[in-house]
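Reviewing the structure listed below.
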Amino acid sequence: MGKIDQNNPYFINLKKSNLFDKLSNPSLLNLFDIGYIEQWPKKTCHFGDKNIHKFHIILTGKIKVYNYNIENDRYFTLYILKANDMFDVLTLINGYTHNIYYESLNYSEILCIPVASMKVWLTKNPIFVKSILDFTLHKMNHLEEYVKEIIIDDTPTRFAKLLIKYHNKLTNKLEVINNLPHNELANLIGTTRAVLNRHIRTLKLSGIIKIHKKNIEICDMDKLVSLIKSDN
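See below:
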């Protein structure tokens with residue numbers, strides 16, 4: 001791939017995001033100069049400790065972040081990252097390694113930057129430190145809410161909240177989790193595919209959702225919201 005310039009879609013998309021929009025054009029372009037782009041085919045999996053020397057920015061695609069217990073062959077999905085998100089932030093900050101797996105849910109392109117080069121870049125672009133902190137706090141808040149829901153809410157409520165969370169009011173469509181297999185949706189709310197399928201059938205029979213080729217369409221948002229309110 002040739003040198004990235006301001007007309008490149010990668011640059012344009014990053015520049016539009018809240019994480020990178022405050023950077024000057026030369027500073028943002030410099031990230032591409034000090035890094036390289038990896039192509040991750042669908043189902044590419046990386047273990048966290050193998051990324052200790054790299055910082056990652058997702059240019060296209062979706063990445064699942066999860067824990068895996070080899071003893072009982074079960075995994076726990078923490079969250080899904082999308083284009084313009086980052087990962088291995090803790091590695092960048094203090095070299096911390098953790099037992100986290102990253103898996104591409106579709107074809108993804110990742111900007112990989114050596115940690116040493118990224119640290120030098122940060123000294124020249126300290127404004128980006130706030131973006132990193134905001135991103136990290138957002139993910140921490142997400143995990144805090146996730147733990148609370150797993151403990152307090154029943155499965156139908158957790159699924160209703162998941163649909164509402166990723167629903168775009170402007171387009172009336174689901175984002176990020178659209179097109180995901182039911183087993184991936186189940187892992188996002190801490191249940192099994194069989195249990196989730198029962199709740200999906202109930203929502204379909206109630207006229208709350210429709211499904212076509214893995215795409216879930218919310219037909220009655222008021223009824224979906226009422227499921228949450230009635231549970232509280």
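Numbering (full-length UniProt numbering), first residue to last: 1 to 232.
Here a beta-carbon is modelled for each residue, glycine too, at the ideal position from N, C-alpha and C.
Model, not experiment: these values are computed from the prediction.
Q | Beta-carbon proximity check, Asn84 vs Ser131, cutoff 7 Å | A | The residue labelled residue 84 in the question sits at position 84 within the sequence shown. The residue labelled residue 131 in the question sits at position 131 within the sequence shown. Not closer than 7 Å, so no.
Q. Tell me which same chain residues have a C-beta within less than 6 Å of the C-beta of His46, skipping the five on either side of it?
A. Taking the sequence shown and counting its residues from 1, one reaches residue 46 at position 46. Excluding sequence positions up to five before and after His46, its CB lies within less than 6 Å of the CB of Tyr102, all in the same chain and listed in chain order.
Q.
Rounded to whole angstroms, what is the Cα-Cα separation between Leu92 and Val115?
A. Along the sequence shown, read from residue 1 onward, the residue named residue 92 stands at position 92. Along the sequence shown, read from residue 1 onward, the residue named residue 115 stands at position 115. Computed Cα separation, rounded: 6 Å.
Q) Just checking, does the stretch 212 to 228 make contact with the stretch 162 to 174 on the three C-beta pairs under 8 Å criterion? A) Yes, they touch.
Q: Whole angstroms is fine: what's the gap from Thr136's alpha carbon to Val89's?
A: Within the sequence shown, residue 136 is the residue found at index 136, counting from 1. Within the sequence shown, residue 89 is the residue found at index 89, counting from 1. Between Thr136 and Val89, the C-alpha separation is close to 8 Å.
Q: Would you decide whether Asn187 is buried or exposed? Buried here means 16 or more other CB atoms lie within 10 Å of its CB.
A: Translated into positions along the sequence shown, residue 187 becomes position 187. Asn187 comes out buried.
Q.
Here's the rule I'm using: 16 or more other beta-carbon atoms within 10 Å means buried, otherwise exposed. How should Lys161 be labelled?
A. Stepping through the sequence shown from its first residue, residue 161 is reached at position 161. Residue burial annotation: Lys161 is buried, with at least 16 other C-beta atoms found within 10 angstroms of its C-beta.
Q) In three-state DSSP terms, what is Leu176? A) As a working mapping, residue 176 is identified with position 176 in the sequence shown. Sequence check: residue 176 is Val here, not Leu. Val176 falls in the coil class under three-state DSSP.
Q | Nonlocal neighbours in the same chain, by C-beta distance under 7 Å from Leu227, ignoring five residues either side | A | Translated into positions along the sequence shown, residue 227 becomes position 227. Cβ contact annotation for Leu227 (same chain, cutoff 7 Å, sequence separation greater than five): Pro156, Thr157 and Ala160, in chain order.
Q. Got a sec? Which residues, its chain only, sit under 8 Å from Tyr107 by beta carbon, not counting five neighbours each side?
A. Residue 107 sits at position 107 when you count from the first residue of the sequence shown. If we look at Tyr107 and ignore the five residues flanking it on each side, its Cβ neighbours are Gln39, Trp40, Pro41, Lys42, Thr60 and Gly61.
(Q) Does the distance between the C-beta of Leu196 and the nearest non-hydrogen atom of the ligand PLP fall short of 6 Å? (A) For the structure depicted, the ligand PLP is absent and the ligand set is empty, with no information on it obtainable.
Q | Whole-angstrom distance between Asn7 and Lys124, CA atom to CA atom | A | By one-based count along the sequence shown, residue 124 stands at place 124. By one-based count along the sequence shown, residue 7 stands at place 7. Rounded to whole angstroms, the gap between the alpha carbons of Lys124 and Asn7 is 24 Å.
Q) Which ranges would you report for the beta strand (DSSP E) in the stretch 68 to 95 if only whole runs of at least 3 residues count? A) You should have 74 to 81.
Q. What residue does the alpha helix (DSSP H) around Asn183 start on, and which one ends it?
A. Residue mapping note: residue 183 aligns to position 183 of the sequence shown, counting from 1. Segment His182 to Leu188, the alpha helix (DSSP H) holding Asn183.
Q.
Going by DSSP, what residue range makes up the beta strand (DSSP E) through Asn25?
A. Looking up residue 25 in the sequence shown gives position 25. For Asn25, there is no enclosing beta strand (DSSP E); the residue is found in the alpha helix (DSSP H) stretching over Asn25 to Ile34.
**Q.** Coil, strand or helix - Tyr107 by DSSP
**A.** Along the sequence shown, one-based indexing puts residue 107 at 107. Taken through DSSP and simplified to helix, strand or coil, Tyr107 comes out as coil.
Q: Can you have a look at His53 and say buried or exposed, based on whether 16 or more other CB atoms are within 10 angstroms of its CB?
A: The count along the sequence shown starts at 1 and reaches residue 53 at position 53. Counting Cβ neighbours within 10 Å, His53 comes out exposed, since fewer than 16 surround it.
Q) Among Tyr68, Lys148, Leu143 and Ile110, which one has its Cα closest to the Cα of Tyr79? A) By one-based count along the sequence shown, residue 79 stands at place 79. Looking at Tyr68, Lys148, Leu143 and Ile110, the one whose alpha-carbon comes closest to that of Tyr79 is Leu143.
Q) DSSP beta-bridge partners for Val65? A) As a position in the sequence shown, residue 65 is number 65, starting the count at 1. Beta-bridge pairing links Val65 to Tyr79 and Tyr102.
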